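Have a look at the structure below, then the notes.
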Ligand SMILES: Nc1ncnc2c1ncn2[C@@H]1O[C@H](COP(=O)(O)OP(=O)(O)OP(=O)(O)O)[C@@H](O)[C@H]1O
Ligand SMILES: [Mg+2]
């Protein structure tokens, strides 16, 4: 059992403040992913949990024990880094066994642990190889093996796949998900790749400029982003945003013009706004449909990407610039063409001027109101 609790964590390096009031609870056996843009503090937070970095203030609690001042070895944690330094002159077996040799484990017990890790990672037939004779993915697995043999309570991974090519990254994502199911250990995984976060996490923590922007399951963040930043960060291709004018709020209904004389009406749960406020409407590319309705949103298509099952259209809508739509592959659209898109209000998100999500959009029984 290993729970991790972070309480009011602040971190500065000299004058540079890096983390601000981080509060987070990680459950036993949970797979948690820290995601966010470069420099937002992911590695620093991971190093604080591991004990490689001290907090400026706040507490790190592992299994209800305050370990804020405990050295790394006393925390029962193992960390796998982006640059996995394997010993080139040692065999795979000895690379995996390394921490156990340091701990002076008896040969028989050591062998058992290495074989078990090698089985889990499917490296059994590579134990006599040297790192130079392995593929990138196999080398990464050796590095993970070296972590596994230590039986940590918590695994920390800092961008372990970023040195691998796209296909291998995909394979390793699946391997890591399996590893988590087999080991049933708490794992904290850092990445700036939202696809890794979406596919592997039980819980995603979105960091931005040293603060936690939102915590939730992948689907929570996808369907109910609480800020425009999260909305734009989670999901590929990115959510489209349309500035709107003439907001009218009446009886929990917000009606607003998006570009091109279209208006949408959204049901709002919380009445936090009033007529005349500036609101931005967000719509995911995959939530759009092509329509023959002349009042649909007008998009000028510039680039057409055929992915097989779907086609991705990049272009612009009047006034708002870049726009993207993901449509079924049988849609016949050429670069340079103008198309009309249907905006389903039930799939729209709305954001205040300061980036906070304004409303939860509920219900599908909305009709698009034409001007
Ligand atoms: N030892 C240090 N001294 C001073 N500043 C540091 C130190 N380590 C990190 N920082 C600063 O803290 C901020 C967060 O760094 P961190 O490495 O945690 O970012 P990250 O989210 O892991 O980014 P990336 O995705 O690029 O790895 C950065 O602005 C960085 O310059
Ligand atoms: Mg980092």
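Residue numbers (the working numbering): 319 to 689.
Don't be surprised by glycine CBs; every beta carbon is placed ideally from N, CA and C.
These numbers were taken from a predicted model, which means no experiment stands behind them.
With 16 other Cβ atoms within 10 Å as the buried cut-off, status of residue i
i	result
residue 426	exposed
residue 465	buried
residue 406	exposed
residue 537	exposed
residue 682	Note on residue 682: pLDDT 40, under 50, position unreliable in the model; the coordinate value appears next. The residue is exposed, with fewer than 16 neighbouring Cβ atoms inside 10 Å.
residue 331	exposed
residue 605	buried
residue 557	buried
residue 648	exposed
residue 688	Any answer about residue 688 is weak, because its pLDDT of 28 lies below 50 and its placement is not dependable; what the coordinates show is given next. Under this definition residue 688 is an exposed residue.
residue 625	exposed
residue 588	With a pLDDT of only 47 at residue 588, under the threshold of 50, the placement of this residue in the model should not be trusted; the figure read from the coordinates follows. The residue is exposed, with fewer than 16 neighbouring Cβ atoms inside 10 Å.
residue 396	buried
residue 389	exposed
residue 316	The displayed coordinates of the chain run from 319 to 689. Any statement about residue 316 would go beyond what the structure contains.
residue 685	Note that residue 685 scores a pLDDT of 33, beneath 50, so its modelled location is shaky and nothing firm can be said.
residue 509	buried
residue 449	buried
residue 334	exposed
residue 419	exposed
Range covered by the alpha helix (DSSP H) that runs through residue i
i	result
residue 416	410-420
residue 454	454-466
residue 498	484-501
residue 433	425-438
residue 361	360-368
Boundaries of the beta strand (DSSP E) in which residue i is found, first to last residue
i	result
residue 640	639-646
residue 656	656-660
residue 474	472-476
residue 396	395-398
residue 530	529-534
Per DSSP, cross-strand counterpart(s) of residue i
i	result
residue 335	330
residue 668	599
residue 545	674
residue 351	507 and 522
residue 383	380
residue 632	621 and 642
residue 563	575
residue 340	327
residue 608	659
residue 322	344 and 380
residue 375	328
residue 695	What the structure shows of the chain is the stretch from 319 to 689, and residue 695 is not part of that stretch, so it cannot be assessed.
residue 479	Note: residue 479 sits in no beta bridge, so no partner.
residue 512	For residue 512, which the question treats as bridged, DSSP gives no partner whatsoever.
residue 615	659
Heavy atom of ligand 2 within 7 Å of residue i beta-carbon
i	result
residue 329	no
Proximity test, residue i beta-carbon vs ligand 1 heavy atom, cut-off 7 Å
i	result
residue 624	no
residue 374	no
residue 336	yes
residue 282	Since the first residue shown for the chain is 319 and the last is 689, residue 282 is missing from the structure and cannot be characterised.
residue 666	no
residue 542	no
residue 386	no
residue 401	no
residue 354	yes
residue 357	yes
residue 510	yes
Item checked: By C-beta, the residues closer than 7 Å to any heavy atom of ligand 2, given in chain order -> Shown in chain order are the residues whose CB sits closer than 7 Å to a heavy atom of ligand 2: 360, 361, 476, 477 and 508.
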